[in-house]
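There are 2 protein chains.
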Amino acid sequence: MTKNTRRIQRGELALTRAAIIDASIALLDSSGESGLTFRALAAVLATGAGALYFHVASREDLVNASCDAIVARAMAATMTFASPPQRLRAIGLALFDAIDAHPWVGAELARAPGTMPTVRILEGIGQQVQALDLAEEALWAATSALFSYIVGVAGQNAANARIGRERGLDRSTFLDALATQWSQLDANAFPFARSVATQLRGHDDRADFVTGIDLILDGIATRCAR
Amino acid sequence: MTKNTRRIQRGELALTRAAIIDASIALLDSSGESGLTFRALAAVLATGAGALYFHVASREDLVNASCDAIVARAMAATMTFASPPQRLRAIGLALFDAIDAHPWVGAELARAPGTMPTVRILEGIGQQVQALDLAEEALWAATSALFSYIVGVAGQNAANARIGRERGLDRSTFLDALATQWSQLDANAFPFARSVATQLRGHDDRADFVTGIDLILDGIATRCAR
DNA sequence: ACCTGAACACCGTTCAAGT
DNA sequence: ACCTGAACACCGTTCAAGT
């Protein structure tokens, strides 16, 4: 019997790796990281849990492939900007927004260094840094700093979103709770945290993120120019 | 019967939150993140799994508290440096080294934003940035960029170490495997990744990390001076 | 070749029963 | 008040049995 014939005879879509990844993304988006179980996925796809293992190697493989699908889309959308610095900002923002929409992507990027989604990001950043025409020795340092910063913020934003989801809080309620906690810290040991506690809610994470990219680009310009 | 009397009569140490955290750190160090289970921990502490819940709220609480113990120690060791930039580099390196020794700390920092260990780090960075005497509006941007970068690299290094452990590879074997994978990527789509693949093994992550801090400090100096 | 779904070997957490 | 450890409600993954 040829591939998937039985399912198709039952009037169902063929069970393919792509279909599994699509369902996985939908489940991760709607139910969070803990919502993706092979039992739930099998139910959505009207199949048995074991059948999934014919198309994905493990849960880890599935989450990584789901992440890669989102990252590939986000990176493809950054091709239209002109100058390398603009393009680098665009890459950062595309990822920021993708992770805002799919927080689990940020967690996966932080979890699986060296895999396809992170290589895509490194490639995008590296190509633009090469176009900055820096001294040869500075190329890796500049790429590495930008990459670490961008993926690092990605992970933290994902964590914020996850906590919000788990506690059922929206962003401003979560920040209010954090502000309250921080303002109760010991005044001698934590003067800075206390001083920023009240301002937490007003901050625009996305703007802060771009400012960070600009700081690194400035540092690259002053330190690495040839 | 007073606290812990029964265990002490049996010639055992008192079951306290501190003792549980110590055992948790030892287990995380020796067996990795998946090695910390309440059953294994209870066995080490010669108690029942349920008893642990009298002293820690959940597994999440326990890992966070274990992380905080390590971070508090690392931050305390950075008090001896003179200038704010030196101190900021020292904070970064202290965390880098702590995470090198305890990779699960990096993962936890990335997972639990706003909790005690991250507040300690933010406080340390914020105090030093305040001492840089920047324009008021630039204070948060500078602190936020340094914090994101440092915690971001922490998370990625932790992930590298975790993968190495899981696959039973040392660092250079892991990098060799990555280099082989990357050099097999499509030449048109991934020219940068292919070009750095062969150099991966030679990079000093710790030095790259400090260079990144310096780039951000340079950017702060040129952009935020008042 | 692909699918099914019960079974296996785990988890974190709870809770009645002890001391 | 604190501890015990069986029980509960899950997991990811495997695998004999089907088609």
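Residue numbers (my numbering), protein chains in the order written: chain S, 101 to 326; chain H, 101 to 326. Here a beta-carbon is modelled for each residue, glycine too, at the ideal position from N, C-alpha and C. Note that the structure is a prediction, hence the values are computed from the model and not measured.
In or out: residue i buried (at least 16 other Cβ within 10 Å) or exposed?
i	result
H/Thr243	buried
H/Pro205	Note that residue 205 of chain H is Val in the sequence shown here, rather than Pro. Buried.
S/Ile108	exposed
S/Val156	buried
S/Tyr249	buried
H/Met179	exposed
S/Arg262	buried
S/Glu223	buried
S/Arg106	exposed
S/Gly302	exposed
S/Leu113	exposed
S/Asp197	exposed
S/Val144	exposed
H/Asn288	exposed
H/Gly111	exposed
S/Thr311	buried
Can you tell me which of the three DSSP states residue i falls into?
i	result
S/Asn260	helix
H/Phe290	coil
S/Glu160	helix
S/Ala114	coil
H/Ser183	coil
H/Ala242	helix
H/Thr147	coil
S/Asp304	coil
S/Leu269	coil
H/Pro213	coil
S/Leu279	A small correction: the amino acid at residue 279 of chain S is Ala; Leu does not occupy that position in the sequence shown. Note: S/Ala279 maps to helix in three-state DSSP.
H/Ala177	coil
H/Thr105	helix
S/Gln299	coil
H/Ala123	helix
H/Ala325	coil
H/Asp168	helix
S/Thr137	coil
S/Ala235	coil
S/Leu195	helix
H/Gly319	helix
S/Gly132	coil
H/Leu152	helix
H/Gln227	helix
S/Leu75	Given that chain S is displayed from residue 101 to residue 326, the structure contains no residue 75 of chain S and the question cannot be resolved.
(request) Determine which residues of the stretch 220-234 of chain S have a Cβ less than 9 angstroms from any Cβ of chain H, and write them out in chain order. (result) Arg220, Leu222, Glu223, Gly224, Ile225, Gly226, Gln227, Val229 and Gln230
(request) Output, in sequence order along the chain, the residues in the stretch 132-165 of chain S whose CB is closer than 8 angstroms to any CB in chain H. (result) none
(message) Short of 7 angstroms Cβ to Cβ, which residues in the stretch 193-208 of chain S face chain H?
(response) none
(request) Identify each residue in the stretch 243-260 of chain S for which the Cβ-Cβ distance to at least one residue of chain H is less than 7 angstroms, and report them in chain order. (result) Ser244, Ala245, Ser248, Tyr249, Val251, Gly252, Val253, Gly255, Gln256, Ala259 and Asn260
(request) Output, in sequence order along the chain, the residues in the stretch 310-323 of chain H whose CB is closer than 9 angstroms to any CB in chain S. (result) Thr311, Gly312, Ile313, Asp314, Leu315, Ile316, Leu317, Asp318, Gly319, Ile320, Ala321, Thr322 and Arg323
(message) Using a Cβ-Cβ cutoff of 8 angstroms, what residues of the stretch 267-283 of chain S are near chain H? List them in chain order.
(response) Leu278, Gln281 and Trp282
(request) Anything in the stretch 166-191 of chain H with a Cβ closer than 8 angstroms to a Cβ of chain S? List those residues in chain order, please. (result) none
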